[in-house]
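Presented below is the structure to which this report refers.
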Amino acid sequence: MLLTRALAVVTGGSSGIGFATAQRFLSEGARVVISGRNADKLNQAAAKLGENTLAVVADSASPEAMQRLYETAVAHFQCDVNVVVANAGVSRQTPVRETSLAQFSDVLNVNVGGVYVTVRESLPFLGRPASIILVASLAANQGTKNFSAYCASKAAVISLAKSFAAEFVEHGIRVNSISPGVAQTPIFDTLGISSEQLAQWSNVIPMKRPAHPDEIAAAILFLASDASRYMTGADLAVDGGMSGISPF
Ligand SMILES: NC(=O)c1ccc[n+]([C@@H]2O[C@H](COP(=O)([O-])OP(=O)(O)OC[C@H]3O[C@@H](n4cnc5c(N)ncnc54)[C@H](OP(=O)(O)O)[C@@H]3O)[C@@H](O)[C@H]2O)c1
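Here the sequence shown is numbered in UniProt numbering, starting from 1 and rising by one per residue.
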């Protein structure tokens, strides 16, 4: 897939979709920088990923931390960054009557602010051509009870990808987003959603099962690689048919 020796940064690479993406990239011959806030979790993930991996603790919503991350990455691997995956994100239940503006803003800060900072701080460090992938969600286009902050944040991510794509197209930088449906990752633990509940949701997925994180990673790899060289400003649905197939 032509990622040999490419340098890729994957935010939120210590878990779930980000970790699976780092694995995929490494298996294609890339060098990978993973980030997250929890140092123990991040270092354990880096140990599992093995050679050609660098772990940098960084809050994706902190411009200083992200600038430091890119500086460290480029100095360590002695090359420009070719691929950025703005994957770090959080999901929280935010029922409108019980959610303060601060709690609402907290979700937006990571999911939208973090994506903005991840992309903005990457710009001085990008080689050409470069590919940026923003991880959005099916939730961007489906109103979901108790998840207004998360859904709004993911709609903003898709919108950011399109505007970034417009701004960077003449500079050899492609920007696309990806919208997973339901993927079996630890994000559901943070929501108190059990694997039994997740299995019940499978009934409404046309393919009758959640995605394995590697199935999302495979699509991210496609967007990262030269195979998608004529794509920019697009949103790729990887959702077992949820957005495209009527339940009737
Ligand atoms: N799983 C799904 O069904 C699904 C569906 C659609 C979209 N998505 C999206 O896919 C992305 C990955 O989700 P996942 O399911 O793989 O979740 P996950 O397993 O919970 O992983 C989230 C990752 O993001 C990191 N992270 C969270 N906040 C961060 C911050 N402020 N700065 C840096 N790193 C941060 C976490 O590490 P730390 O906690 O150590 O920081 C962790 O590595 C998210 O954007 C999510 O919204 C997931």
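Each residue gets a CB set at the ideal place from its N, CA and C atoms; glycine is no exception.
Asked	Found
Could you spell out the range, first to last residue, of the alpha helix (DSSP H) harbouring residue 91?	Element bounds for residue 91: n/a, residue is neither H nor E.
Please report the residue range of the alpha helix (DSSP H) in which residue 49 lies.	39 to 49
How big is the Cα-Cα spacing for residue 143 and residue 151?	7 Å
Among all the DSSP beta bridges, which residues are the ones paired with residue 178?	135, 236
Name the DSSP bridge partner or partners of residue 35?	11, 56
For residue 62, which option in 232, 119, 242 has the closest C-alpha, if you only look at C-alpha atoms?	119
If the criterion is Cβ atoms closer than 9 Å, does the pair residue 182 and residue 211 meet it?	yes
Residues bridged to residue 158 by DSSP?	In the DSSP output, where bridge partners are listed per residue, residue 158 has none listed.
On a CA-only basis, which of 30, 56, 4, 164 is nearest residue 14? Give me that one, please.	56
With contact counted as at least three CB pairs below 8 Å, one residue from each stretch, are the segment 59 to 77 and the segment 90 to 106 in contact?	no
Using CA atoms only, rank isn't needed, just tell me which of 242, 24, 233 is closest to residue 170.	233
Over the uninterrupted alpha helix (DSSP H) stretch that includes residue 70, give me the two end residues.	63 to 77
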